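Novice: Let me begin by handing over the structure; questions about it come next.
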Amino acid sequence: MTVRSCRAPGCGARTSRYGAFCQTHRSRSRRHGHPEQESITKADLTQYLKLVRTRIAKNETSPLWAQCEARWNAVLEHARRVQAAFQRGKAGYRPDRIAAQEVVQLASNVEPSKVVETTFAMFLLQDRQPRRFRSDQAFRFQLVRRLRGLTELNAGSWYNHKTGKTHKAYRELTPRAVMVFGQWVADALGGVGSYLAKLEREQEEAKQQRLRSLAGALEALQ
Ligand SMILES: [Zn+2]
Numbered sequence: 003m004t005v006r007s008c009r010a011p012g013c014g015a016r017t018s019r020y021g022a023f024c025q026t027h028r029s030r031s032r033r034h035g036h037p038e039q040e041s042i043t044k045a046d047l048t049q050y051l052k053l054v055r056t057r058i059a060k061n062e063t064s065p066l067w068a069q070c071e072a073r074w075n076a077v078l079e080h081a082r083r084v085q086a087a088f089q090r091g092k093a094g095y096r097p098d099r100i101a102a103q104e105v106v107q108l109a110s111n112v113e114p115s116k117v118v119e120t121t122f123a124m125f126l127l128q129d130r131q132p133r134r135f136r137s138d139q140a141f142r143f144q145l146v147r148r149l150r151g152l153t154e155l156n157a158g159s160w161y162n163h164k165t166g167k168t169h170k171a172y173r174e175l176t177p178r179a180v181m182v183f184g185q186w187v188a189d190a191l192g193g194v195g196s197y198l199a200k201l202e203r204e205q206e207e208a209k210q211q212r213l214r215s216l217a218g219a220l221e222a223l224q
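Heads up, the sequence shown is in our numbering, so the first residue is 3 and it goes up one at a time.
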């Protein structure tokens with residue numbers, strides 16, 4: 003048996019017999035969709051949530067927001083159909099069933115507007131800080147993670163004696179179920195999310211441009 007080292011850059015730990023990654027990187031890959039993906043925290047999302055809320059407030063009368071909530075509700079309806087089919091004894095694809103259960107649980111505990119805002123904030127974060135995500139799949143995993151984080155039900159708490167903080171331990175979903183969940187949300191809200199991210203970036207760039215030309219004009223005064 004040959005001993006191989008983990009393929010994650012800078013790791014070098016020994017791999018399991020068949021895998022390309024060590025235990026740590028393999029479990030991170032399962033949990034985060036990529037062996038080197040770090041988790042996106044609620045705090046990481048705060049400033050982007052603020053931007054999303056400002057955008058919504060500025061366009062209060064736009065029908066878009068209600069349409070987005072309706073799209074989320076359509077995801078919920080789909081999830082309920084998946085569950086109903088399963089209850090009638092249809093086997094179906096297991097990850098679909100697990101994702102459906104998660105969607106129903108999220109929807110019964112969290113307002114649609116919160117789901118929509120959080121999804122958009124993730125798209126803004128991805129647009130501003132693309133390097134935070136190692137792959138599209140890793141982005142979807144973090145999206146699902148932040149959405150699941152909106153409900154307390156998924157988390158059991160544990161106390162860390164070293165830091166004196168209480169942490170939440172999320173019940174893990176299978177990677178396939180996470181992918182299904184992420185796909186449903188991205189199909190429903192990804193288009194608008196990407197558009198809002200682009201709009202935010204372009205307006206910020208235009209603002210910076212105006213400030214630069216103002217500074218230029220001031221410097222040129224005689
Ligand atoms: Zn490793």
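All C-beta atoms, glycine included, are put in the ideal place defined by N, C-alpha and C. Since we're looking at a predicted model, the values are computed, not measured.
Mapping the DSSP letters down to three states, classify Asn111 as helix, strand or coil.
Specialist: If DSSP states are grouped into helix, strand and coil, Asn111 belongs with the helices.
Novice: Taking the beta carbon of Ala188 as the centre, do at least 16 other beta carbons fall within 10 Å, making it buried, or is it exposed?
Specialist: Answer is buried; the Cβ neighbour count reaches 16.
Novice: Taking contact to mean 3 or more Cβ pairs, one atom from each stretch, closer than 8 Å, check whether the region 22-32 and the region 88-101 are in contact.
Specialist: Verdict: no, contact absent.
Novice: To which residues of the same chain is Arg6 closer than 7 Å at the C-beta, ignoring the five residues directly before and after it?
Specialist: Here the set comprises Thr17.
Novice: When you compare the CB positions of Gln128 and Phe141, do they come within less than 7 Å of one another, or not?
Specialist: Yes, they are a contact pair.
Novice: Who sits around ligand 1, taking every residue whose Cβ is closer than 6 Å to one of its heavy atoms?
Specialist: My final list is Cys8, Ala10, Cys13, Ala15, Phe23, Cys24, Thr26 and His27.
Novice: Going straight from the alpha carbon of Leu220 to that of Glu202, what length do you get?
Specialist: Leu220 and Glu202: Cα-Cα distance of roughly 27 Å.
Novice: With distance defined between alpha-carbon atoms, name the residue in Glu104, Val84 and Gly14 nearest to Thr176.
Specialist: Considering only alpha carbons, the answer is Glu104.
Novice: How big is the Cα-Cα spacing for His34 and Gly218?
Specialist: Whole-angstrom Cα-Cα distance: 46 Å.
Novice: Using the Cα positions of Lys52 and Ala101, report the straight-line distance between them to the nearest angstrom.
Specialist: Roughly 28 Å between the two C-alpha positions.
Novice: Does the Cβ of Ala199 have 16 or more other Cβ atoms within 10 Å, making it buried, or fewer, making it exposed?
Specialist: Per the 10 Å Cβ criterion, buried.
Novice: Taking only three categories from DSSP, how would you classify Arg19?
Specialist: It is coil, neither helix nor strand.
Novice: Along the chain, which unbroken stretches of the beta strand (DSSP E) at least 3 residues long are found entirely within the region 131-195?
Specialist: For the region 131-195, whole beta strand (DSSP E) runs of length 3 or above, ordered along the chain, are 157-162 and 167-172.
Novice: What beta strand (DSSP E) runs, 3 residues minimum, are completely inside the region 65-112?
Specialist: DSSP runs (the beta strand (DSSP E)) wholly in the region 65-112: none.
Novice: Express the C-alpha separation of Asn162 and Lys209 in angstroms, rounding to a whole number.
Specialist: Taking the straight line from one Cα to the other gives about 44 Å.
Novice: Here's the rule I'm using: 16 or more other beta-carbon atoms within 10 Å means buried, otherwise exposed. How should Glu113 be labelled?
Specialist: Exposed: under 16 other Cβ atoms inside 10 Å.
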